[in-house]
Amino acid sequence: MSGYALRCRVCEEVAPPEPVDACRRCDGPTDVAYDWERVRRTVSRETVAAGPRSVWRYAPLLPGAARLDVGAGWTPLVRAGRLSSLLGVELFLKLEGANPTLSFKDRLATIAAQVALDHGVTTLCCSSTGNLGDAVAAAAAAAGLEAIVLAPAGESAIGSTAAAAGARVFAVRGTYDDCRRLQGALRELFPWGFVDGNLHPYAAEGAKTISFELVEQLDWRQPDAIVCPAASGTLLAKLAQGLAELETAGLSAGPLPRLFGAQPAGASPIASAYADDRNISRIRPATHVHSLAIGDPAYGELAIGAVRSTGGRFVTVDEDEISRFTDLLAESTGVFADCAGGVALGALVDAVASGAIEHGERVVLVVTGAGIKPHGHDRPVAVEEIDPHVDELLARLGVS
Ligand SMILES: [Zn+2]
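Counting from 1, position 385 in the sequence shown corresponds to residue 385 in the numbering used here; the numbering is continuous, with no gaps.
1. Excluding the 5 residues preceding and the 5 following Val-390 in the sequence, name in chain order all residues of the same chain whose CB lies nearer than 7 angstroms to its CB.
2. Residues bridged to Pro-285 by DSSP?
3. Is any heavy atom of ligand 1 found at a distance shorter than 7 angstroms from the C-beta of Val-10?
4. Is any non-hydrogen atom of ligand 1 found closer than 7 angstroms to the C-beta of Glu-13, if you look at the structure I gave you?
5. Under a three-way DSSP split, which group does Glu-385 fall into?
6. Among the candidates Gly-334, Ile-210, Phe-336, whose CA atom is the shortest distance from the CA of Leu-235?
7. Leaving out five residues before and five after Ala-237 in sequence, what residues of the same chain have Cβ atoms less than 6 angstroms from its Cβ?
8. Report the residue from Trp-56, Leu-6, Arg-41 whose alpha carbon sits nearest the alpha carbon of Val-32.
9. Using 8 angstroms as the Cβ pair cut-off and three pairs as the minimum, do the segment 72-89 and the segment 321-332 touch?
10. What residue ranges within the segment 193-260 form continuous alpha helix (DSSP H) runs of no fewer than 4 residues, ordered along the chain?
11. For Arg-25, is the beta carbon positioned less than 7 angstroms from some heavy atom of ligand 1?
12. So Leu-145 and Thr-123 are in contact, right, with Cβ under 8 angstroms, and what is the actual spacing, rounded?
13. Which stretch, first to last residue, makes up the alpha helix (DSSP H) that contains Thr-326?
14. For the segment 119-199, list the alpha helix (DSSP H) runs that are entirely contained and at least 4 residues long, ordered along the chain.
15. Which of the three DSSP states is assigned to Gly-360 in this structure?
16. Looking only at DSSP bridge pairs, what is Thr-30 linked to?
17. If you follow the beta strand (DSSP E) that Arg-278 is in, where does it begin and where does it stop?
18. Roughly how many whole angstroms lie between the Cα atoms of Val-20 and Leu-199?
19. If the criterion is Cβ atoms closer than 8 angstroms, does the pair Pro-17 and Tyr-4 meet it?
20. In terms of alpha-carbon separation, which member of Val-364, Ile-322, Thr-175, Ala-171 lies closest to Trp-92?
21. Would you kindly report the start and end of the unbroken alpha helix (DSSP H) that includes Val-55?
22. Can you tell me which of the three DSSP states Val-70 falls into?
23. Can you pull the DSSP bridge partners for Ala-262?
24. What are the residues that DSSP puts in a beta bridge with Leu-93?
25. Name the one or two DSSP bridge partners that Val-14 has.
26. DSSP beta-bridge partners for Ala-303?
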């Protein structure tokens, strides 16, 4: 049998690891749960070092049969010498733009596609502001699965990668939340794998591999702080989980790094709730950082918990300062990130200025995606623009 199950985050009911939307007992969200005795017997620094240079390097700490490899994971961790000197810290960049579709979402899509294969699911579907759609399309292509992507028209960076990989891309004249609503209707009708639905507990596990890798790349020493941007909050929550799991697995020890989350002012439901010490309320995003334009962050409370429990903080970065930080990153390191990288650097600069990160501390900045997406296509991208109406989407899909 597999070494993992699904466990409800609310009532702790344990269930077999199948694609399900929620806990069957209380409808709560579920997480993958591992047999830690088995993990500790199987995993050591030596077995990890002998593993593949992909997310499956950490296969015993992941769901899925660990066969599908699109090249996701094991991205470079580089020392940013000049920017370190400028900021007075020892800064490393985790270059997630080195993943096959140029963002960390390839890690999530790989796990989702593998679990889909494991369960005989033949179609992957997701809502996306850009990066997840590209990643899901690519993983589906490699796995021989169909892919359907819903993206807000005009507000997303979705495009040639997803379409070239054979996905059916619907540009919805509406918001990301409209895409999610349409997806909910599809869920009722089709036995598909929804990367941000019934496959999400598995897919989200992919994000924690960033933690595993960066600690291994620092010779198994935890950094003092990690800074990353936040959209749904999944990345922060899973970074924290991954750091704790390294300790549980016996792979690293020592105090956990402080986690710093960053959101743009125009899409800051998590950062605002953190600042005001209240519950998260849904907002309508108004940001030019498409990859962070999420108004209803599913892992927001967990992300706040990750930041608070480690002694970090959440930072909001002004919209008109973001491109300055994206440029500063490029000018001082040579790394051209997407604007989410500028948001993260803005938070790091703020943390250094306020003393929350101290002189000489060892810091990892997670650069979640690359600044350039390829347009090397010699024909128009096959994106179908639709209104945010279920009937229109179903007609396009041939269902009446
Ligand atoms: Zn439950």
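Even glycine gets a Cβ: it sits at the ideal position worked out from N, Cα and C.
Checking against the coordinates, here is how it stands:
1. Translated into positions along the sequence shown, residue 390 becomes position 390. Leu-182, Ala-185, listed in sequence order.
2. What you label residue 285 is simply residue 285 of the sequence shown in a count that begins at 1. According to DSSP, Pro-285 bridges with nothing at all.
3. The count along the sequence shown starts at 1 and reaches residue 10 at position 10. Flag set: Cβ of Val-10 near ligand 1.
4. Residue mapping note: residue 13 aligns to position 13 of the sequence shown, counting from 1. Yes, the beta carbon of Glu-13 sits closer than 7 angstroms to at least one heavy atom of ligand 1.
5. Residue numbering aside, residue 385 sits at position 385 when the sequence shown is read from its first letter. Note: Glu-385 maps to strand in three-state DSSP.
6. Translated into positions along the sequence shown, residue 235 becomes position 235. Checking every option, the nearest Cα to that of Leu-235 belongs to Ile-210.
7. Taking the first residue of the sequence shown as position 1, residue 237 is located at position 237. So the list reads Tyr-299, Leu-302, Ala-303, Ala-306, once near-sequence residues are dropped.
8. As a working note, residue 32 is residue 32 in the sequence shown. For Val-32, the nearest C-alpha among the options comes from Leu-6.
9. yes
10. 200-205, 209-217, 234-248
11. Your numbering for residue 25 matches position 25 in the sequence shown. Arg-25 Cβ: within cutoff of ligand 1.
12. Here residue 145 is taken as the residue at index 145 of the sequence shown, counted from 1. Here residue 123 is taken as the residue at index 123 of the sequence shown, counted from 1. Between Thr-123 and Leu-145 the Cβ distance is about 6 angstroms, and since that is below 8 angstroms, they are a contact.
13. Stepping through the sequence shown from its first residue, residue 326 is reached at position 326. Here the alpha helix (DSSP H) through Thr-326 covers 319-333.
14. 131-143, 160-164, 176-189
15. Stepping through the sequence shown from its first residue, residue 360 is reached at position 360. Looking at Gly-360 - three-state DSSP - the assignment turns out to be coil, as it is neither helix nor strand.
16. Sequence index remark: in the sequence shown, residue 30 carries index 30 (1-based). For Thr-30, which the question treats as bridged, DSSP gives the partners Cys-8.
17. As a first step, residue 278 is located in the sequence shown; it is residue number 278 there, counting from the start. Element bounds for Arg-278: n/a, residue is neither H nor E.
18. Numbered from its first residue, the sequence shown carries residue 20 at position 20. Numbered from its first residue, the sequence shown carries residue 199 at position 199. Distance between the alpha carbons of Val-20 and Leu-199 is about 7 angstroms.
19. The residue given as residue 17 occupies position 17 in the sequence shown. The residue given as residue 4 occupies position 4 in the sequence shown. Yes, the pair counts as a contact, with Cβ atoms nearer than the cut-off.
20. Taking the first residue of the sequence shown as position 1, residue 92 is located at position 92. Per the sequence shown, the amino acid found at residue 92 is Phe instead of Trp. Among Val-364, Ile-322, Thr-175, Ala-171, the Cα nearest to that of Phe-92 is on Val-364.
21. Reading the sequence shown from its first residue, position 55 is the one you call residue 55. Counting along the chain, Val-55 falls outside any alpha helix (DSSP H), and DSSP gives it neither H nor E.
22. Residue numbering aside, residue 70 sits at position 70 when the sequence shown is read from its first letter. If DSSP states are grouped into helix, strand and coil, Val-70 belongs with coil.
23. Taking the sequence shown and counting its residues from 1, the one referred to as residue 262 is at position 262. Partner(s): Pro-229, Val-315.
24. Reading the sequence shown from its first residue, position 93 is the one you call residue 93. DSSP, once it has assigned bridges, lists Val-78, Leu-365 as partnering Leu-93.
25. Position 14 of the sequence shown, counted from the start, is the residue given in the question as residue 14. Arg-7.
26. As a working note, residue 303 is residue 303 in the sequence shown. DSSP, once it has assigned bridges, lists no residue as partnering Ala-303.
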